[in-house]
Each structure stands twice: as C-alpha cells, then as structure tokens.
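Protein chains in written order, with the UniProt record's numbering: chain A, 1 to 99; chain B, 1 to 126.
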C-alpha cells in the first residue's frame, strides 16, 4: 500500500509537470485542473479495492503519456498570449493554481 | 633541428592558446571590483525575501489554513494539506523561484522551514 502511495505521488507530480508544459494558457490551466480532479478520484478509489486502484494507475500512466506527447506538440507551435498572461500577476503557470 | 622544431611547436602553442581568456583575466583585474561579478555568484535572494515569497505562494493556495501559517508550520499537520496538496505547493514554489526540484528532494519538503532552507541553498533560485 505504501508503495502504491508513493507511485501515485510520483505519477501526480509527473502529470502536473506535463500539464504545466503546455504553452497555450487555456490548455495549461485545463490540464492542470483536470489532472488535479482525476487524482482526487484516484485516491478515493485506492481505498475501495486493489483492482480499481490498479486500473486507475494504468489509466493515469496512459494519460501521462498522452499529456507529455501533446504538450511537446503544443510547444512546437507559436502562440498568441492571452490578455490574462500580459498581466504579470498571472504570467506564470501555476502561481495561482485555483484560478 | 631540434631547436627549430621546438620553436615551431612553441609558436603553434602560443597561437592556439585561448587568448580571450587571458585578456579577460587582465580585464577583470583592471576593472574595479564592484563592476565584476561571476555568473556563478549567488543571487540577491535573502532569507527574508524567500520567506516572504513562499508565504505569498501559500496565501494564494486556498486550501491552506491561513491562521496557522508561520515559518515553522508543517504542511500536513498545521496547514491541513494532504499529500497531493503538498505536491502542488512544492510545484508552485518551484514555479515561483524558477527552479526544478528533483523528486527525492521534493518528497523531503514537508514544512515551511524545509522549503525556505531548500530554496536558500539553491544557488540558481531567483
């Protein structure tokens, strides 16, 4: 159980990093939120049963791969900054994660 | 014969020697000390600035129990953050100081003090 917990934390950190890698403001915020919400669900599933936990982990790993691929593709193209990003207060990605 | 060869080799070494480096050192010596600063020199971050900015990050994080926010607070016990929140806070601190904290170091940061200490020791934080 302890092992799976550290695995989840690792997967969570990697997923958030991948989400943070998106250049487009909207994508970045969306995937950050989505990752957070998904992992809350996953954690509640871990206490339900081993099989559900395994499935959730497999799904999480799959999604991490998708995120990493897509954020890389996203970075290959030029982007127009949103109005929000021109405000230095909101310029960095996760500074205000709850916005 | 030997003398000629050694002269040639010496001449070759002299031309191949990294001249810019030598002249840079001379320049550095000629300049007043205030104007020279190594790129590797530590940043201008003081412990108070770091503390202030980490507090700002924590104040922006709405799950943090603001009343108990102090420089010795434990993320879990005092601020009421679970393990996933802690990961998020550490990532937010990373972003604030433009550093990347490796996983094993990030796992060790569980209190505000540890976060401040870690950033203090990171030369590349700014």
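We treat Cβ as the ideally placed atom computed from N, Cα and C, and that holds for glycine.
Where residue 46 of chain B sits in the DSSP three-state scheme
Position 46 of the second chain, counted from the start, is the residue given in the question as residue 46 of chain B. In the structure shown, residue 46 of chain B sits in coil (DSSP, three-state: anything other than H, G, I, E or B).
Using the C-alpha atoms, what's the distance from residue 9 of chain A back to residue 60 of chain A?
Position 60 of the first chain, counting from 1, holds the residue named residue 60 of chain A. Position 9 of the first chain, counting from 1, holds the residue named residue 9 of chain A. C-alpha separation (whole angstroms): 11 angstroms.
Indicate the three-state DSSP secondary structure (helix, strand or coil) for residue 79 of chain A in the structure shown.
For the purposes of this step, residue 79 of chain A is taken as the residue at position 79 of the first chain. Here residue 79 of chain A sits in coil by DSSP.
Check whether the segment 69 to 79 of chain B and the segment 44 to 61 of chain B are in contact - that is, three or more C-beta pairs closer than 8 angstroms.
yes
Sort B:85, B:112, B:116 and B:47 by Cα distance to residue 39 of chain A and report the nearest one.
What you label residue 39 of chain A is simply residue 39 of the first chain in a count that begins at 1. Answer by Cα proximity: B:85.
Beta-carbon contacts of residue 82 of chain A that lie in its chain and below 6 angstroms, excluding the five residues immediately before and after
Start at 1 with the first residue of the first chain, and residue 82 of chain A comes out as number 82. Counting only Cβ-Cβ distances below 6 angstroms, and skipping sequence neighbours, we find 25.
According to DSSP, residue 120 of chain B sits in a beta bridge with which residue or residues?
As a first step, residue 120 of chain B must be located in the second chain, where it is residue number 120. In DSSP, residue 120 of chain B forms no bridge with anything.
So, is the C-beta of residue 71 of chain B closer than 8 angstroms to a C-beta in chain E?
Absence of chain E from the displayed structure is noted, the protein chains being A and B.
Could you list which residues in chain A have their beta carbon closer than 8 angstroms to that of residue 106 of chain B, in chain order?
Start at 1 with the first residue of the second chain, and residue 106 of chain B comes out as number 106. Residues of chain A passing the Cβ test: 13.
If the cut is a Cβ gap below 8 angstroms, which residues of chain A does residue 45 of chain B touch?
Translated into the one-based positions of the second chain, residue 45 of chain B becomes position 45. Result: empty, since nearest Cβ-Cβ is about 17 angstroms, beyond 8 angstroms.
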